[in-house]
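First the structure, in the form of structure tokens, and then the observations on it.
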Amino acid sequence: MPDLVIQVQEVTKIYRMGSVEVPALRGVSFEVSRGELVAIMGPSGSGKSTLMNILGCLDRPTSGEYILDGQPVATLNDDQLALIRNRKVGFVFQNFNLLPRLTAWDNVELPLRYAGMLRGTREKARAALEAVGLGERLHHKPNELSGGQQQRVAIARALVNNPAIILADEPTGNLDTRSGEEVMALLVSLNRDQGTTIVLVTHDPEIAAYAERVIHIRDGRIEKITTNRAAEEVAA
Numbered sequence: 189m190p191d192l193v194i195q196v197q198e199v200t201k202i203y204r205m206g207s208v209e210v211p212a213l214r215g216v217s218f219e220v221s222r223g224e225l226v227a228i229m230g231p232s233g234s235g236k237s238t239l240m241n242i243l244g245c246l247d248r249p250t251s252g253e254y255i256l257d258g259q260p261v262a263t264l265n266d267d268q269l270a271l272i273r274n275r276k277v278g279f280v281f282q283n284f285n286l287l288p289r290l291t292a293w294d295n296v297e298l299p300l301r302y303a304g305m306l307r308g309t310r311e312k313a314r315a316a317l318e319a320v321g322l323g324e325r326l327h328h329k330p331n332e333l334s335g336g337q338q339q340r341v342a343i344a345r346a347l348v349n350n351p352a353i354i355l356a357d358e359p360t361g362n363l364d365t366r367s368g369e370e371v372m373a374l375l376v377s378l379n380r381d382q383g384t385t386i387v388l389v390t391h392d393p394e395i396a397a398y399a400e401r402v403i404h405i406r407d408g409r410i411e412k413i414t415t416n417r418a419a420e421e422v423a424a
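Just so we're on the same page, our numbering is the position in the sequence shown counted from 1, plus 188.
Structural data, given as structure tokens:
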């Protein structure tokens, strides 16, 4: 049996606007094994952002079951969701979401402090920045870094708590081509060399091509799941 880190079973999400119900997800089911690199791909309005919010424990499904690293998520309250989110999910966003007045070192250390860790936080944050090639940029603030370097800081921040999954939402969307390729190479390296489970959310086929499997979503349903042979060959 594979070691499943994500199990999604018949998940729906319905938004209510007064008396009107707007279905965003319509019975989505899939699994992700530990150590996989998977892309969720779909056009605007397909439901992929709603699915990302559920996978990241930012929202709960209307119905269905979501199990993250063995923990059923659907019935958790807000405080429990926040705890799971902090411990189990590392986020990488298109806009980096770094605090501008803090150094790279301080930005990466924040999740450890939110988790209540009192000792060793500086060392862990430094190690995470060194792992993404920014050991010499510890004291730089975001406006002193390139876009690609800022995204590396965000990746280090996502890694520092050793989460069950890295959830990357359009991670190259604000980067030039070269910086985007470098960020994707880093994510692939983390997946291949360290076994980090990564879920990419994207509308870009070039980004989805880095994944071993691509979950295509449209109109709130899974349209198909494809296997990327080229990515498999790289992994072999």
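Note that CB positions come from ideal geometry on N, CA and C, so glycine has one too.
Assuming Thr238 and Ile202 form a contact by the criterion Cβ under 8 Å, report the distance between their Cβ atoms to the nearest whole angstrom.
With a Cβ gap of about 10 Å, Thr238 and Ile202 do not count as contacting.
How long is the line joining the alpha carbons of Ile386 and Arg345, rounded to whole angstroms?
If I take the Cα positions, the gap works out to 14 Å.
With Val196 and Ala352 assumed to form a contact (beta carbons below 8 Å), what rounded beta-carbon distance in angstroms separates them?
Under the criterion of beta carbons closer than 8 Å, Val196 and Ala352 do not qualify as touching, at roughly 14 Å.
Would Ser234 and Arg401 qualify as a contact pair, given that the criterion is a beta-carbon distance under 7 Å?
Their beta carbons are not under 7 Å apart, which means Ser234 does not touch Arg401 by this criterion.
Let me make sure I understand the geometry here. Which of Val348, Asp257, Ala270 has the alpha-carbon closest to that of Asp247?
Ala270
For Pro288, the residue or residues it bridges with in DSSP:
In DSSP, Pro288 forms no bridge with anything.
If you scan the stretch 197-272 from start to end, which runs of the beta strand (DSSP E) of 3 or more residues do you find wholly inside it?
208-221, 225-229, 251-256
Extent of the continuous alpha helix (DSSP H) run through Arg310
309-319
If you check the beta carbons only, do Ala396 and Ala262 fall under 7 Å apart?
At least 7 Å separates the beta-carbon of Ala396 from that of Ala262.
Please work out which residues of its chain come closer than 8 Å, Cβ to Cβ, to Gly383, disregarding the five sequence neighbours upstream and downstream, and give them in chain order.
For Gly383, where only same-chain residues beyond five positions count, the Cβ hits under 8 Å are Arg222, Gly223.
Could you please give the first and the last residue of the uninterrupted beta strand (DSSP E) stretch that includes Asp357?
353-357
Using the beta-carbon count (16 or more within 10 Å), is Met229 buried or exposed?
Buried, because 16 or more other Cβ atoms sit within 10 Å of the Cβ of Met229.
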